[in-house]
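Chemist: Residue numbers for the sequence shown follow this note's numbering, so the first one is 669 and each next one is one higher.
Even for Gly, the Cβ is constructed at its ideal location relative to N, Cα and C.
Please read these numbers as outputs of a predicted model, since none were measured by experiment.
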Amino acid sequence: MINDLIDKIKVHAVDKSNGHRIQRIDIYYTAVGLIDVSQHIQELAI
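Have a look at this one:
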């Protein structure tokens, strides 16, 4: 069922520039595309 909702997953290279390990993962949903949740995650971390 989940496979029907996800079109593709794109994993980016690791960024260690600020002392933390950050890796971006983009999930493209069928009929919706990419939903950018990075701003919401940063707001929750504060």
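1. Measure the C-alpha to C-alpha separation of residue 679 and residue 692 and round it to an integer number of angstroms.
2. Quick one: what does DSSP say residue 672 is sitting in, helix, strand or coil?
3. For residue 708, does the three-state DSSP call read helix, strand or coil?
4. Given residue 703, which residues of its chain have a CB within under 8 Å of its CB, disregarding the five upstream and five downstream residues?
Modeler: For this structure:
1. 6 Å
2. helix
3. It is helical.
4. 695 and 697
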